[in-house]
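First up is the structure itself, then whatever we jot down about it.
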Amino acid sequence: MLLEVIDVFRHNTHPEENPPLRVLYVDDNRDVPDSSVDLLRLFGFEPRACYDGPSALAEAVTFRPSVCLIDLNMPNMDGDELAIRLREQTHDHPLILVAVTAMSGDREAERIRAAGFDMHFIKLVDPQQLLMLVDTLWRAWLRWVHRDDKKRPSEEDRSGR
6 MLLEVIDVFR HNTHPEENPP LRVLYVDDNR DVPDSSVDLL RLFGFEPRAC YDGPSALAEA
66 VTFRPSVCLI DLNMPNMDGD ELAIRLREQT HDHPLILVAV TAMSGDREAE RIRAAGFDMH
126 FIKLVDPQQL LMLVDTLWRA WLRWVHRDDK KRPSEEDRSG R
């Protein structure tokens, strides 16, 4: 049911007015981000996968994601450091950071908060939950993108009709 609702909603929008939400999924287990990227693309989002922190930082410069899903335990650069560096690097536009981890508990919750994540998922992420989250974030992002539209006079208002 959820997938049908999202599909109908996504196909009844105007892409020229509502660009797709850019999602970056970072995990060293390639199957996880690759399958999630495929799913998100099917529903009209613009996702990309990276498999380590350094490549995610480089990708974020040009891709400019609005949402990053990040595995916490990766070699070379863990998800905590990546989150902190992404926040520093993307201070000029909104960025939602979602931790994705197999661990749960008070210690991990504190770790996630300290790194500046906005929310987190416990692996394995249910595909419908992922879609619901990204779709909700897309709607919020659209409100942010169009925040000034309500302040601008419409063409009709300017012409005096």
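Numbering (my numbering), first residue to last: 6 to 166. Virtual Cβ for every residue (Gly too), placed ideally from N, Cα, C. These numbers were taken from a predicted model, which means no experiment stands behind them.
query: Do you know offhand how far Ser-41's Cα is from Gln-134's?; result: 11 Å
query: Give the C-beta separation of Val-103 and Val-72 to the nearest angstrom, bearing in mind that I take them to be a contact with Cβ-Cβ under 8 Å.; result: 7 Å
query: With respect to the alpha helix (DSSP H) encompassing Phe-68, which residues constitute its N-terminal and C-terminal limits?; result: 58–68
query: For Ile-117, count neighbouring C-beta atoms within 10 Å of its own C-beta (all shown protein chains included) and say buried if the count is 16 or more, exposed if not.; result: buried
query: By the three-class DSSP mapping on this structure, what secondary structure does Arg-53 have?; result: strand
query: Which residue's Cα is closest to the Cα of Met-124: Ala-88, Thr-95 and His-98?; result: Ala-88
query: With three or more beta-carbon pairs closer than 8 Å as the criterion, would you say the stretch 70–86 touches the stretch 94–101?; result: yes
query: Output needed for Leu-29: all residues of its chain with C-beta closer than 6 Å, excluding positions within five of it in sequence on either side, in chain order.; result: Arg-53, Pro-70 and Cys-73
query: Taking Asp-85 and Ala-114 to be in contact with their CB atoms under 8 Å, please state how far apart those CB atoms are, rounded to whole angstroms.; result: Not quite, the Cβ-Cβ distance comes to about 13 Å (not below 8 Å), so this is no contact.
query: Does Leu-4 come out as helix, strand or coil in the three-state DSSP assignment?; result: Absent from the model: residue 4. The displayed extent of the chain is 6 to 166, so no value can be given.
query: Could you name the residues of the same chain whose beta carbon sits closer than 8 Å to that of Leu-44, not counting the 5 residues immediately before and after it, in chain order?; result: Pro-132, Leu-135 and Leu-136
query: Taking the straight line between their C-alpha atoms, what separation do you get for Asp-36 and Asp-57?; result: 13 Å
query: Measuring only the C-alpha atoms, how far is Pro-80 from Glu-51?; result: 26 Å
query: Run through DSSP, which three-state label would Thr-141 get?; result: helix
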